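Chemist: Below are the structure tokens for one structure; questions will follow.
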Amino acid sequence: MHSQLLAAMERAFPEAAAQAEAAGKPLDPQLAAASKPEFGDFQANGALPLAKPLGQAPRQIAEAIVEQLAADPGFEELCEAPQIAGPGFINLTLRPELLAAEVEARLGDPRLGVPSVGAGGDGGGGAGGAGTPVIVDFSSPNIAKEMHVGHLRSTIIGDSLARVLEFRGHPVLRLTHVGDWGTQFGMLITHLKQVAPQVLETADAVDLGDLVAFYRQAKQRFDEDEAFQTTSRQEVVKLQGGDPISRKAWQLLCDQSRREFQTIYDRLDIRLTERGESFYNPYLEAVVTGLDASGLLVEDGGARCVFLEGVSGKDGNPLPVIVQKTDGGFNYATTDLAAIRYRFETAPGGDGARRVIYVTDSGQANHFAGVFQVARRAGWIPAYGRLEHVPFGLVQGEDGKKLKTRSGDTVRLKDLLDEAVERSKADLCRRLQEEERSEDGAFIEQVATTVGLAAVKYADLSQNRNTNYQFSFDRMLALQGNTAPYLLYAVVRIAGIARKGGDMRAAAAALHFSEPQEWALVRELLKLDAVIAEVEEELLPNRLCSYLFELSQVFNRFYDQVPVLKAEEPSRSSRLALCRLTADTLKLGLGLLGIATLERM
RNA sequence: GGGGCUGUAGCUCAGCCGGAUAGAGCGACGGUUUCCUAAACCGUAGGUCGUGGGUUCGAGUCCCGCCAGCCCCGCCA
452 MHSQLLAAME
462 RAFPEAAAQA
472 EAAGKPLDPQ
482 LAAASKPEFG
492 DFQANGALPL
502 AKPLGQAPRQ
512 IAEAIVEQLA
522 ADPGFEELCE
532 APQIAGPGFI
542 NLTLRPELLA
552 AEVEARLGDP
562 RLGVPSVGAG
572 GDGGGGAGGA
582 GTPVIVDFSS
592 PNIAKEMHVG
602 HLRSTIIGDS
612 LARVLEFRGH
622 PVLRLTHVGD
632 WGTQFGMLIT
642 HLKQVAPQVL
652 ETADAVDLGD
662 LVAFYRQAKQ
672 RFDEDEAFQT
682 TSRQEVVKLQ
692 GGDPISRKAW
702 QLLCDQSRRE
712 FQTIYDRLDI
722 RLTERGESFY
732 NPYLEAVVTG
742 LDASGLLVED
752 GGARCVFLEG
762 VSGKDGNPLP
772 VIVQKTDGGF
782 NYATTDLAAI
792 RYRFETAPGG
802 DGARRVIYVT
812 DSGQANHFAG
822 VFQVARRAGW
832 IPAYGRLEHV
842 PFGLVQGEDG
852 KKLKTRSGDT
862 VRLKDLLDEA
872 VERSKADLCR
882 RLQEEERSED
892 GAFIEQVATT
902 VGLAAVKYAD
912 LSQNRNTNYQ
922 FSFDRMLALQ
932 GNTAPYLLYA
942 VVRIAGIARK
952 GGDMRAAAAA
962 LHFSEPQEWA
972 LVRELLKLDA
982 VIAEVEEELL
992 PNRLCSYLFE
1002 LSQVFNRFYD
1012 QVPVLKAEEP
1022 SRSSRLALCR
1032 LTADTLKLGL
1042 GLLGIATLER
1052 M
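For the first sequence, the positions run 452 to 1052 when our numbering is used.
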């Protein structure tokens, strides 16, 4: 359609086209999805910018373009007669039979019209037919600590992005870059050696909660006691040097934490490959020598660093990224650089990624900007490589401050999920009582768990991740509005129709739509592929959420105003087909958000 | 001091490379159920898009200044 419009513009105004071409700014029909349903399916705004150079009224220009379009039989097959509106917009409406045919095609397509790059798509990042190998780095809790609310957003957003990219056919490596290596281990091991040596020798000698307490004590001692600090630093050196006793202690701590993390991931249905900071230990030295070789390395006050371009500190001097501390130790910037290098490096010495995505809070934006710059200048990012920090805002309580428990502690992720499920269960039970329904315990558990976890995930994902996120159980579990329960209910309604005798699987004969509610649903259903493509590019899951919400709204309107089972043929089977495609679309979309659906609730 | 993000309706937020009268949900107010689950649907009210300039045929969107909030800023991650 774009090319047909362009051709029409060129035929209408050959001189302007030639002139624009010569100026390096070829004509653009500015084709876009219609901003409102009453404007049709698409709008072309390209006539407006021509008004001034041509010295004609924009509506007149639009008319000339439309006239040329009418001369194009291919265009006539696609669209109804274009309408000129407002100052000179050209509104385009697709022929209804085309829409119906497209719905029909999607009914038989497990991908619902979303192309897979593996199957001859455009390759996403220009990698050709096989998709772009992507690494999504997310979640990344710290060993010997519990997962807390601070890990919520990275985990949920990262998982959803990975799912979308996987669905598009890209090979995705989901990595959790766990904190398993830094100074904190020196602290913890030193402290444990003194107060609870059995933890370092026997697996699961204490539970993780105790370990967290020990960690706090260790941290406190580290901050107050200089001798302890020194011992801790030595302990890190030992560990990094491969001392067997330290290694064993470290191993035990990691195993224990790992199992604890896994229970959360299982609950949230999240798959991850663990590759902690320690993995990059063998590559740290090479980062420093590599930077030295490329002439970027500068020694400053005993530390070895790279000074950033375009970023200056308090005194106006360039800010450094430190890669080797005065004591010879490496820090997180070194590890991140080693990771970037390894991830873009082709196999077998690396992951061979073409796109690397970091899902961390926006507080790390400066850090990543610095590290990315160094990697780029060191030549570690190939020309085709995309390196992206996907930042997100803080989780705040309803008071607008950082989310804390009543006693002021960090909220554990486990407790947060428990509470969501618990509240969802209480709400369900109250409703069952009100409606005098009776359901068995398994049903109640299943619904409460699904709704509770869905609510937590959806509330997070439905917000533009850049802003801080105000966490509220009441809002996320609300049954109306842009919430998980509202979407899940739409799926349940369709399942209800199926139970009451709607044969969704029946091969629909020629589809026949008559009501505006049907057409609205058709048009909404056909937007899926564009939405997915957008999320793949912009890495904004909230776009998918808004789409699913709007689809649910349009469906509920249809459901409310148009009978399905009681309709006459051929409407009945056409409407059943719409129901089926709606359910499939919602399930697919929610699946990409990591949210399971229900048949009844 | 420097940098980043944010500022849109009473509240929580959308606003997709600038495009038509700025949207949604909640809350408020009013209505709808002999009919596929009313966990729904329909309607009303509510906004100088922080502020002042600039670019443009056209700015919530781009550029500059200012104000406010949050976050980050050399050997923690």
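Quick reminder that beta carbons are idealized off the backbone N, C-alpha and C, glycines included.
Source: prediction; values computed, not measured.
Run through DSSP, which three-state label would residue 1042 get?
Modeler: Three-state result, residue 1042: helix.
Chemist: Determine the DSSP secondary structure at residue 1067, reduced to helix, strand or coil.
Modeler: No answer is possible for residue 1067: the residues shown for the chain start at 452 and end at 1052.
Chemist: Label residue 454 either buried or exposed according to how many other C-beta atoms from any shown protein chain fall within 10 Å of its C-beta, with 16 as the threshold for buried.
Modeler: exposed
Chemist: How many angstroms separate the CA atom of residue 970 from the CA atom of residue 1028?
Modeler: 13 Å
Chemist: Do you know how far the Cα of residue 923 is from the Cα of residue 563?
Modeler: Inter-residue distance for residue 563 and residue 923 is about 34 Å (C-alpha atoms, whole angstroms).
Chemist: Please classify residue 793: is it buried, with 16 or more other beta-carbons within 10 angstroms of its beta-carbon, or exposed?
Modeler: buried
Chemist: Could you tell me the distance, in whole angstroms, from the CA atom of residue 476 to the CA atom of residue 965?
Modeler: 44 Å
Chemist: In this structure, how does DSSP classify residue 571 when only helix, strand and coil are distinguished?
Modeler: At residue 571, the pLDDT of 47 sits below 50, so the modelled position is not reliable and the matter cannot be decided from this model.
Chemist: Taking the DSSP output, what are the residues bridged to residue 588?
Modeler: 626 and 809, per the DSSP bridge assignment.
Chemist: Where do the N-terminal and C-terminal ends of the alpha helix (DSSP H) with residue 924 fall, by residue?
Modeler: For residue 924, the enclosing alpha helix (DSSP H) begins and ends at 924-927.
Chemist: In this structure, does DSSP put residue 781 in helix, strand or coil?
Modeler: coil
Chemist: When DSSP labels each residue in this structure, what does residue 607 get in the three-state scheme?
Modeler: helix
Chemist: Let's see if you can read the secondary structure: which residues bound the beta strand (DSSP E) around residue 751?
Modeler: 749-751
Chemist: Given this structure, state the Cα-to-Cα distance separating residue 485 from residue 638, to the nearest angstrom.
Modeler: 60 Å
Chemist: Applying the 10 Å Cβ sphere with the 16-neighbour rule, what's the burial state of residue 613?
Modeler: So residue 613 counts as buried.
Chemist: Take residue 572 and list the residues in its own chain whose beta-carbon comes closer than 6 Å to its own, dropping the five residues that flank it on each side.
Modeler: Reliability of the predicted coordinates at residue 572 is poor, the pLDDT of 42 falling under 50, and the value obtained from them is presented with this limitation in mind. Only 566 meet the Cβ criterion.
Chemist: Count the other C-beta atoms from every protein chain shown that fall within 10 angstroms of the C-beta of residue 646, then say buried if there are 16 or more, exposed otherwise.
Modeler: exposed
Chemist: For residue 1010, which of helix, strand or coil comes out of DSSP?
Modeler: helix
Chemist: With DSSP as the reference, identify every bridge partner of residue 852, one or two as the case may be.
Modeler: Bridge partners of residue 852: none, in fact.
Chemist: Could you name each continuous alpha helix (DSSP H) segment of 4 residues or more that falls completely within the stretch 621-695, going from the start of the chain to the end?
Modeler: 634-646, 659-675 and 677-692
Chemist: Are residue 482 and residue 495 touching if we call contact CB-CB under 7 Å?
Modeler: yes
Chemist: Roughly how many angstroms lie between the CA atoms of residue 577 and residue 988, to the nearest whole one?
Modeler: Its pLDDT being 43, under 50, residue 577 is placed unreliably in this model, and the value from its coordinates should be taken loosely. If you draw a straight line from the Cα of residue 577 to the Cα of residue 988, it is about 13 Å long.
Chemist: Look up residue 715 in the DSSP assignment and say whether it is helix, strand or coil.
Modeler: helix
Chemist: Please specify which runs of the beta strand (DSSP E), each continuous and at least 3 residues long, are wholly inside the stretch 516-564, giving them in chain order.
Modeler: 534-536 and 540-543
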